[in-house]
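In our numbering, the protein residues as written are 2 to 264.
Beta carbons: idealized from backbone N, C-alpha and C, even for Gly.
As structure tokens, the structure follows; a few thoughts come after it.
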Amino acid sequence: MNELNYEGKIFKTNNYGSLIVTKYINGSKVHIKFIDTGYETVADMGQIKKGNVKDRLVATVWGVGVLGDEPACVNGKTPKEYMLWGSMLQRCYDDKYHSKHPTYKDCYVSEKFKYYPYFKDWCSEQIGFNQTGWDLDKDILVRGNKSYSEDTCVFVPQEINKLLNRQDKNQDKYPLGVYYDSRENNFQSKIHNGKKPVRLGRFSTAEEAFQAYKQAKEAQIKAVANKWKDQIDTRAYEALMAYQVESQVDPRNISPNTKVVEL
């Protein structure tokens, strides 16, 4: 059958539903449109008959990510944008990842960010994207944020990203930055200066220890923010300068029953 006669014909693909031939181009090339998504492209009739044509608007990455017409590999290398995009989707939609990192279980990606071409273009316009050692951060602009989106994400140096990462093993028992020393029968607090822990003193109550930590930590955050002021996104700088450390637990519910833990 002449390719001209295939116009208007519907064909099934192996993995992407049905498509319709909309226009003859030349030789064996025809213009097609996938019925489910509306994706349009040019394909070879031989591949169409075999069902080997891909719908680039189908969510194939972690069940939600759409590649569109952007390649996942360029000249044998994975683009930085794609690695960021894939990692972001995995953190939000991979059950195995959640079993190891449960804090990401309720996180999600905006509809626009699920579309790789949009995410790729967004990255290229962001301050810090082309900097080595900078991370995509979703927590600085919006406190307690669970969404990866153009309104909540920003690129920051790892020094800033690590500064706000909280890995306090006793956070469910004591305020952030505070631990109980059973040998001395008092509360202590400390912060990390990037190289080693710095002790802030001994206190009779957890609240006093936390206030010392809060004051030191907020001063540290402001100092680092000012260090990077001329290089980071203005939104990130303003958020850091306004950042307030929160206790996370009610000091009245504290009972001294754990060992000293390095924070």
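- In this chain, L177 is not harboured by any alpha helix (DSSP H), its DSSP state being neither H nor E.
- In this structure the region 59 to 72 lies against the region 86 to 106, because at least three pairs of beta carbons, one per stretch, are closer than 8 Å.
- Here D152 is exposed: its Cβ has fewer than 16 other Cβ atoms, across all protein chains shown, within 10 Å.
- If you look at H102, you'll find it isn't in any alpha helix (DSSP H); DSSP assigns it neither H nor E.
- The beta carbons of A213 and S190 sit about 5 Å from each other, so the pair counts as a contact at 8 Å.
- According to the DSSP assignment, N27 belongs to the beta strand (DSSP E) that extends over S19 to N27.
- For E71, the number of other beta carbons within 10 angstroms of its own is at least 16, and it is reported as buried.
- Excluding five sequence positions before and after K50, the CB atoms of its chain that fall closer than 8 Å to its own CB belong to F12, given in chain order.
- Leaving aside the five residues that flank H99 on each side, the residues in its chain whose CB is nearer than 7 Å to its CB run, in chain order, Y105 and K106.
- Its chain contains N171, F188, Q189, S190, A207, A210, F211 and Y214 as the residues whose beta carbon lies nearer than 8 Å to that of V179, once the 5 sequence neighbours on both sides are disregarded; these appear in chain order.
- R57 counts as buried, since no fewer than 16 other beta carbons sit within 10 angstroms of its beta carbon.
- Per DSSP, T42 lies in no alpha helix (DSSP H); the unbroken beta strand (DSSP E) holding it starts and ends at E41 to D45.
- Around the CB of I26, fewer than 16 other CB atoms lie within 10 Å, so the residue is classed as exposed.
- Where N187 is concerned, the enclosing beta strand (DSSP E) starts and stops at N187 to H193.
- The Cβ atoms of I222 and V157 do not sit closer than 9 Å to each other.
- Residue state for W135 is assigned as strand, using DSSP reduced to three classes.
- Check the Cα spacing between K163 and each of A226, G52, I128 and K81: the tightest is with A226.
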